[in-house]
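Under numbering that gives the first Met the number 0, think of the first position of the sequence shown as 0, with each following residue one higher.
A virtual CB, placed ideally from N, CA and C, is assigned to each residue, including glycine.
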Amino acid sequence: MILNTNIKKVISTMVLCILYSGFARGQDKVVSVDIDMSKTYQHIDNFGASDAWSCQFIGKWPEEKKNKIADLLFSDDTLADGSPKGIALSLWRFNIGAGSAAQGDQSGIKDEWRRAESFLNNDGSYNWQQQAGQVWFLKAAKARGVKQFLGFVNSPPVEFTINGKAYASGGKTNIAPDQYAAFANYISEVVKGVERISKVRFNYISPINEPQWDWSDGGQEGCPYTNAEIAGLARSVNSAFVKDHIRSHILIAEAGSINYLFKAGDKPGKGNQIDDFFKPGSPNYIGNLQNVSKTIAGHSYFTTSPSASAVQVRKVLADSVAAIPGLNFWQSEYCILGDNAGEINGSKRDLGIEAALYLAKVIHTDLTSANAAAWQWWTAISAYDYKDGLIYVDKNKTDGNYYVSKMLWALGNYSRFIRPGAIRVDATVTSQQTLNKPLMVSAFKNGGNFIAVIINNNTDKVWVNLNTGTAKVVLTKSYTTSSTAELKAERISGTKNVVLVTPGSVTTITGILK
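Rendered as structure tokens:
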């Protein structure tokens, strides 16, 4: 007998309820997730975070403290109970400074924690003892197993800028075209020099950051660019890399908001970056350059709420990326900013689970709606009273306390287990009508490993049946981040792929594909 889809779902739900009756209690909810291993999406490149701006100081803190912070960010070791020691980031972003720190108050950047050192001296020589705190974290990341590194530039060195500062004037680009080659040669020297002193090679160089913004208020180092200027600079950097046999990939263009990747937007000459840079025939086409990564990078700021519009925008983005054969999308910077349609406010630190759950929702939406191949947080270590840090520190340059947020562990639900090379597979949540808020589930396979991440924003526990169809999966462990847990490990026993997800939590399920 052939049953229609709705009847099948009803019967499936009834069977599940009977199945769980032996161990579900009280008001526990029951949900099924259908996972299709044959329906695949993007390959995952990495999960990462940046060293701006605190690592220049924290890298000079006492050895014990900075090593504990590095363990939290990079370690893939486990504690005695099987829970992770750290979140094992797979990419680390290094801020290649423009030299505002040496200028001091004359830099125009009032907050010295937002200034940055530079390897370049005024006379054109290089001082490889600069940025020592950041280099310490580079070495610490590599020692703990990180294999991907990215050097990013907020502003050209002050020696090359038009106004002699590390931020712009009047919203205009702060480097003249006749300085592109000098800037490109400088980046090439930095790649070689950093590798000599740290044994770390930058896999990626990002020479542009949020080119749509004016960067003219002296709040930090920054430089605006038009698409034409970005293309010109990218060509210069590519030429320098080819000349010097630099293997680093050039990442373009870290749009200030993902909308600029596929829309003209409100900044003339700065939108439609997917087509402008990667569609053959465009005057700004750079997709054929040897060292340019076939990746378009953008930031998820100001597009994450409300949920329905966040999904819609990212689906348009995914379609736009898919229209260019071989192109990938990286979400290369995010922290919680603004009021987010009233859902959460980016001001004030939140070490607890509320901010962590919101962060997890953003990651989930970027992965499942935008098909992001990489997801990178803004500043790993923050000294500020915003929701911008995975770890917070006292604003003290020589020593102080550090404070771990639940956002660190929520990111770890992804970074620790969804390793480079993983492939996202289809995961559809069914029979969840009894829930006040829908579960968010993403699933991945990586060789013989299976990973699923479940976000439960409800106040109820939920029994989840992971229905993998004809694919045989043996679940092994769950790792839960909640108000009382930080990637707490528990073994999964039994022959049924059924797990209990606690209220207000992010839970990663691991398993083996048979």
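Same chain, Cβ closer than 6 Å to residue 427, neighbours up to 5 away in sequence not counted: Here residue 427 is taken as the residue at index 428 of the sequence shown, counted from 1. A distance below 6 Å between beta-carbons, with the five flanking residues on each side excluded, links residue 427 to the following residues of its chain, in chain order: 33.
Taking the alpha carbon of residue 459 as the point to measure from, which residue in 474, 476, 499 and 74 has its own alpha carbon closest? Position 460 of the sequence shown, counted from the first residue, corresponds to residue 459. Closest option to residue 459, Cα to Cα, is 499.
For a minimum of 3 consecutive residues, which ranges assigned as the beta strand (DSSP E) are wholly contained in the stretch 121-204? Along the length of the stretch 121-204, whole beta strand (DSSP E) runs at least 3 residues long occupy 147-151, reported in chain order.
Can you tell me which of the three DSSP states residue 113 falls into? In the sequence shown, the residue the question calls residue 113 occupies position 114. Helix at residue 113.
Tell me whether residue 261 is buried or exposed, calling it buried when 16 or more other Cβ atoms sit within 10 Å of its Cβ. Within the sequence shown, the letter at position 262 stands for residue 261. Counting every other CB atom within 10 Å of its CB across the protein chains shown gives residue 261 a total of 16 or more, marking it as buried.
For residue 358, does the three-state DSSP call read helix, strand or coil? Working through the sequence shown from its first residue, we reach residue 358 at position 359. Helix, per DSSP.
Quick check: is the beta carbon of residue 403 nearer than 8 Å to any beta carbon in chain C? Chain labels in this structure do not include chain C; a single protein chain is all it has.
Between 393, 123 and 424, which lies nearest to residue 53 when the distance is taken from Cα to Cα? The residue you call residue 53 lines up with position 54 of the sequence shown. For the residues 393, 123 and 424, the minimum Cα distance to residue 53 belongs to 393.
Does the Cβ of residue 378 have 16 or more other Cβ atoms within 10 Å, making it buried, or fewer, making it exposed? As a working note, residue 378 is residue 379 in the sequence shown. Label assigned to residue 378: buried.
Measuring alpha carbon to alpha carbon, tell me which residue in 383, 151 and 329 is nearest residue 374. Position 375 of the sequence shown, counted from the first residue, corresponds to residue 374. Looking only at 383, 151 and 329, the smallest Cα-Cα distance to residue 374 is reached by 329.
DSSP beta-bridge partners of residue 448: Looking up residue 448 in the sequence shown gives position 449. BP columns for residue 448 point to 445 and 511.
Coil, strand or helix - residue 265 by DSSP: The residue labelled residue 265 in the question sits at position 266 within the sequence shown. In the structure shown, residue 265 sits in coil (DSSP, three-state: anything other than H, G, I, E or B).
With H, G and I counted as helix, E and B as strand and the rest as coil, what does DSSP make of residue 22? The residue given as residue 22 occupies position 23 in the sequence shown. Low confidence applies here, because residue 22 scores a pLDDT of 46, under 50, leaving its location unreliable and the question unanswered by this model.
I'd like to know whether the C-beta atoms of residue 109 and residue 199 end up nearer to each other than 8 Å. In the sequence shown, counting from the first residue as 1, residue 109 sits at position 110. In the sequence shown, counting from the first residue as 1, residue 199 sits at position 200. In this structure, the beta-carbon distance from residue 109 to residue 199 does not fall below 8 Å.
What residue range does the beta strand (DSSP E) around residue 402 cover? Residue numbering aside, residue 402 sits at position 403 when the sequence shown is read from its first letter. In this chain, the beta strand (DSSP E) harbouring residue 402 covers 401-403.
Residues near residue 118 in its chain [Cβ-Cβ closer than 7 Å; skip 5 each side]: Stepping through the sequence shown from its first residue, residue 118 is reached at position 119. Close CB contacts of residue 118 within its chain, under the 7 Å cut and outside five residues either way in sequence, are with 125, 126, 127, 129, 130, 189 and 192 (chain order).
In this structure, does DSSP put residue 6 in helix, strand or coil? As a first step, residue 6 is located in the sequence shown; it is residue number 7 there, counting from the start. At residue 6 the pLDDT is 43, less than 50, meaning the model places this residue with poor confidence and gives no usable figure here.
Thinking C-beta only, is residue 421 closer than 8 Å to residue 444? For the purposes of this step, residue 444 is taken as the residue at position 445 of the sequence shown. For the purposes of this step, residue 421 is taken as the residue at position 422 of the sequence shown. Result yes, Cβ atoms of residue 444 and residue 421 sit closer than 8 Å.
Which residues bound the beta strand (DSSP E) around residue 489? Locating residue 489 in the sequence shown gives position 490, where the first residue counts as 1. From DSSP, the beta strand (DSSP E) with residue 489 extends over 487-490.
Just how far apart, CA to CA, sit residue 172 and residue 478? Here residue 172 refers to the residue found at position 173 when the sequence shown is read from its first residue. Here residue 478 refers to the residue found at position 479 when the sequence shown is read from its first residue. In a straight line, the C-alpha of residue 172 is about 47 Å away from that of residue 478.
Extent of the continuous alpha helix (DSSP H) run through residue 66: Residue numbering aside, residue 66 sits at position 67 when the sequence shown is read from its first letter. Here the alpha helix (DSSP H) through residue 66 covers 62-73.
Taking only the alpha-carbon atoms, compute the straight-line gap between residue 37 and residue 438 and give it to the nearest angstrom. On the sequence shown, position 38 is the one that residue 37 refers to. On the sequence shown, position 439 is the one that residue 438 refers to. Going from the Cα of residue 37 to the Cα of residue 438 covers about 22 Å.
Helix, strand or coil for residue 337 per DSSP? Walking along the sequence shown from the start, residue 337 turns up at place 338. Three-state DSSP puts residue 337 in coil, outside helix and strand.
Which residues in the same chain have their Cβ closer than 6 Å to the Cβ of residue 504, if we skip the five residues on either side of it in sequence? Position 505 of the sequence shown, counted from the start, is the residue given in the question as residue 504. Excluding sequence neighbours, residue 504 sits near 455, 479 and 481.
Closer than 7 Å: is that where the CB of residue 57 sits relative to any heavy atom of the ligand HEM? Of the ligands one can find in the structure shown there are none, so the ligand HEM has no counterpart to examine.
May I have the straight-line CA-CA distance separating residue 45 from residue 348, to the nearest angstrom? As a first step, residue 45 must be located in the sequence shown, where it is residue number 46. As a first step, residue 348 must be located in the sequence shown, where it is residue number 349. When the Cα atoms are used, residue 45 and residue 348 turn out to be separated by approximately 26 Å.
Mapping the DSSP letters down to three states, classify residue 226 as helix, strand or coil. Locating residue 226 in the sequence shown gives position 227, where the first residue counts as 1. In the structure shown, residue 226 sits in a helix (DSSP, three-state: H, G or I).
So, is residue 240 buried or exposed, given that buried needs 16 or more other C-beta atoms within 10 angstroms? Locating residue 240 in the sequence shown gives position 241, where the first residue counts as 1. Buried, since its Cβ has 16 or more Cβ neighbours within 10 Å.
With three or more beta-carbon pairs closer than 8 Å as the criterion, would you say the stretch 319-329 touches the stretch 341-361? Judged by Cβ distances under 8 Å, the stretch 319-329 makes no contact with the stretch 341-361, as fewer than three pairs qualify.
Can you list, in chain order, the residues of its chain with a C-beta nearer than 7 Å to that of residue 302? Leave out the 5 residues immediately preceding and following it. Counted from its first residue, the sequence shown places residue 302 at position 303. By the criterion of a C-beta distance shorter than 7 Å, residue 302 is surrounded in its chain by 256, 257, 258, 309 and 312, once the five residues flanking it on both sides are discounted.
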